[in-house]
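Undergrad: Residue numbers for the sequence shown follow our numbering, beginning at -2 and rising by one.
Just so you know, even glycine gets a beta-carbon here, dropped at the ideal spot from N, CA and C.
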Amino acid sequence: MRTDATTAGVPARADAAVTARRWVLHIDMDAFFASAEQLTRPTLRGRPVLVGGAGQRGVVAGASYEARVYGARSAMPMHQARRLIGVSAVVVPPRGAVYSVLSAQVFDTLRSRIPVLETLSFDEAFAEPAELVGASVAQVEEYCAMLRALVDARTGLTASIGAGTGKQLAKIGSGLAKPDGMRVISPAEQGELLAGLPVRKLWGIGPVAESRLRSLGIETVGAFAALPESEAASILGGSMGAALHRLARGIDDRPVTERAEAKQISAENTYERDIVTLPDLRTAITAMAASAHRRLERDGRAARTVVLKLKKSDMSIVTRSFTLPYATADLATLSAAAQRSAIDPTELGPIRLVGVGYGGLSLVRQESLFPELDQAVPEDLAAEAVEDTTPPPDDPHPPAGQWFPGMDVSHPEFGHGWVQGAGYGVVTVRFETSSTGPGPARTFPADDEHLTRADPLASLS
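(1) Helix or strand or just coil, what does DSSP make of G93?
(2) Can you check whether the CB of A167 is closer than 8 Å to the CB of A156?
(3) Please report the Cβ distance between G357 and T302, rounded to the nearest whole angstrom; I am assuming they are in contact, meaning their Cβ atoms lie under 8 Å.
(4) Fully enclosed by the region 120 to 199, which alpha helix (DSSP H) runs are 4 residues long or longer?
(5) Among all the DSSP beta bridges, which residues are the ones paired with E265?
(6) Kindly indicate the opening and closing residues of the beta strand (DSSP E) around E115.
(7) Pull up the distance between the alpha-carbon of H447 and that of P342, whole angstroms please.
(8) Quick one: is A146 buried, meaning 16 or more other Cβ sit within 10 Å of its Cβ, or exposed?
(9) Return helix, strand or coil for A447, following the three-state DSSP convention.
(10) Count the CB pairs spanning the region 217 to 232 and the region 176 to 187 that are closer than 8 Å, and state whether there are at least three.
(11) Residues in its own chain within less than 6 Å of R54 by CB, not counting five upstream and five downstream?
(12) Using the Cα positions of T419 and R292, report the straight-line distance between them to the nearest angstrom.
(13) Provide the residue span of the beta strand (DSSP E) that contains P333, from first to last.
(14) Can we say the region 10 to 20 touches the region 81 to 92, given the rule of at least three CB pairs closer than 8 Å?
(15) For G422, tell me which candidate among G49, P442, G50 and F411 has the shortest Cα-Cα distance.
(16) Quick one: what's got a C-beta closer than 7 Å to L36's C-beta in the same chain, skipping five residues either side?
(17) Using only CA atoms, which one of L213, G170, A78 and D177 lies nearest to D149?
(18) Within 10 angstroms of its Cβ, does P112 collect 16 or more other Cβ (buried), or is it exposed?
(19) With distances taken from CA atoms, which of Q417, K306, S133 and L114 is nearest P126?
(20) Could you check if L457 is buried or exposed, using at least 16 other CB atoms within 10 Å of its CB as the buried criterion?
(21) Are the beta-carbon atoms of P490 and T40 separated by less than 8 Å?
(22) Kindly indicate the opening and closing residues of the beta strand (DSSP E) around A220.
(23) Assuming K164 and V21 are in contact, meaning their beta carbons sit under 8 Å apart, how far apart are those beta carbons, in whole angstroms?
(24) Buried or exposed: P437, going by 16 or more other Cβ atoms within 10 Å of its Cβ?
(25) Considering only their Cβ atoms, is the gap separating E63 from G49 smaller than 8 Å?
(26) Let's see if you can read the secondary structure: which residues bound the beta strand (DSSP E) around E399?
(27) According to DSSP, what are the bridge partners of T325?
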């Protein structure tokens, strides 16, 4: 495990006294999704955990460092990651509610010391602490160690932190620090460090730009920086080429600012089997509308526009939107609006992904004068609802056989747990939370009336 430079026994850096006018930090949580699962399900600690869909089209949303040893990584097809790891792989479905709460705890902890954070995602952010203006390398290391300790004490999660004179160097530093460490890049070393990096490491250089530069024999940041700025601009385009050339030379004056609020809140899912009937599409829309609504509630705003996104089996995308006359956070109204945009798959073609998004976000919530009209569902959906006997997603007692690995459950005697396996009429549950340490596993009949679904957030207790 990487240690901080301030840890006892680690020799002081030769450049510890070097100062900089400006210090930017990049805080990046280590393997955030997988670490959250290992935190709340202690049995998984030290094991190769994959977070994502388990089906044929499942994709890895997060991989623990134990899984990365085998070559597994985020955005990889799940079947490929499982094949790399073998039988020891543990696959669990994503639990957005848990990650959202932990993310808020991390950022709240950081904001207790740094008022302005530029959050990039659930698990990373830039900061430019005022107290580090003109600070030395040693002082920045001490400050980063303090932040890491605060996050660990508050959440039980580890953060890697990079620091440099701009965003580019700070992000490079956090990458070098992983896992569970910190890396302060001083002005004295930044030129040499940048020069030796592959050009792809430069912020804004994607596969196309990298290929273009490599065709010209430019493979390192140093080689790119050595070009005249006019030549860099001609290769990569005027303003973009000039901006990247400045970054390659270590010139990065981009400010750290709070990001604007999201313009749309959405949820989507890729299905293992293509959706080919309208009833199945409506079921998927209902699920995605509810999932996006949970995020909308956490955001605290209301929506006026509902967007339906459908990706066909040929990978083409169709979007339709419906705008209400007022902003609302009412799930029934928003879900009905999404259903109005549905297109029968027999006309559109097989559908592999369904997404629902809420736009026109506002803090102002208005009530409808005619809610029964706004919440009315299409006739075909209303007719099916009478015959549908499938329990709703929040039914505490799924039918036998519908327990699935990773589901949060509760038992009146054993407390909160999660499903480790199910099949052949039985379900095995591991009872544990973030505060219990590894817990016992018990097996029940699949129709045991005492075993119920539980709120995933209970695993944080």
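TA: Result, derived from the coordinates:
(1) What you label residue 93 is simply residue 96 of the sequence shown in a count that begins at 1. The answer is helix: DSSP assigns G93 an H, G or I state.
(2) By one-based count along the sequence shown, residue 156 stands at place 159. By one-based count along the sequence shown, residue 167 stands at place 170. No.
(3) One-based indexing of the sequence shown puts residue 357 at position 360. One-based indexing of the sequence shown puts residue 302 at position 305. Indeed they touch by this definition, with Cβ atoms about 4 Å apart.
(4) 134 to 152, 164 to 174 and 184 to 192
(5) Walking along the sequence shown from the start, residue 265 turns up at place 268. Paired residue(s): G352.
(6) Start at 1 with the first residue of the sequence shown, and residue 115 comes out as number 118. That run of the beta strand (DSSP E) goes L114 to S118.
(7) Reading the sequence shown from its first residue, position 450 is the one you call residue 447. Reading the sequence shown from its first residue, position 345 is the one you call residue 342. Cα to Cα, H447 sits roughly 40 Å from P342.
(8) By one-based count along the sequence shown, residue 146 stands at place 149. Counting Cβ neighbours within 10 Å, A146 comes out exposed, since fewer than 16 surround it.
(9) Walking along the sequence shown from the start, residue 447 turns up at place 450. Here residue 447 turns out to be His, not Ala, going by the sequence shown. If DSSP states are grouped into helix, strand and coil, H447 belongs with coil.
(10) no
(11) The residue given as residue 54 occupies position 57 in the sequence shown. Result list for R54: T267 and E269, in chain order.
(12) Position 422 of the sequence shown holds residue 419. Position 295 of the sequence shown holds residue 292. In the sequence on display, residue 419 carries Ala and not Thr. Within the model, the alpha-carbon separation for A419 versus R292 is close to 29 Å.
(13) Reading the sequence shown from its first residue, position 336 is the one you call residue 333. Inspection of the sequence shows that residue 333 is occupied by Ala rather than by Pro. Premise fails: A333 lies in the alpha helix (DSSP H), L328 to R337, not in any beta strand (DSSP E).
(14) no
(15) In the sequence shown, the residue the question calls residue 422 occupies position 425. For G422, the nearest C-alpha among the options comes from P442.
(16) Residue 36 sits at position 39 when you count from the first residue of the sequence shown. Closer than 7 Å at the Cβ level, and outside the excluded window around L36, lie G153, L154 and S431.
(17) For the purposes of this step, residue 149 is taken as the residue at position 152 of the sequence shown. Looking at the Cα atoms, D177 is the closest of the given residues.
(18) Taking the first residue of the sequence shown as position 1, residue 112 is located at position 115. It counts as exposed.
(19) As a working note, residue 126 is residue 129 in the sequence shown. Here the closest residue by C-alpha is L114.
(20) Looking up residue 457 in the sequence shown gives position 460. Result: buried.
(21) No information on residue 490 is available, as it lies outside the stretch -2 to 458 that the chain covers here.
(22) By one-based count along the sequence shown, residue 220 stands at place 223. Segment V218 to A222 is the alpha helix (DSSP H) holding A220; no beta strand (DSSP E) there.
(23) Counted from its first residue, the sequence shown places residue 164 at position 167. Counted from its first residue, the sequence shown places residue 21 at position 24. Between V21 and K164 the Cβ distance is about 5 Å, and since that is below 8 Å, they are a contact.
(24) Stepping through the sequence shown from its first residue, residue 437 is reached at position 440. Under this definition P437 is an exposed residue.
(25) Here residue 49 refers to the residue found at position 52 of the sequence shown. Here residue 63 refers to the residue found at position 66 of the sequence shown. No; because the gap between Cβ atoms is not below 8 Å, this pair is not in contact.
(26) Here the question's residue 399 lines up with position 402 in the sequence shown. At residue 399 the sequence reads Gln, which differs from the Glu that was named. Counting along the chain, Q399 sits inside no beta strand (DSSP E), nor does DSSP assign it H or E at all.
(27) Reading the sequence shown from its first residue, position 328 is the one you call residue 325. Beta-bridge pairing links T325 to A300.
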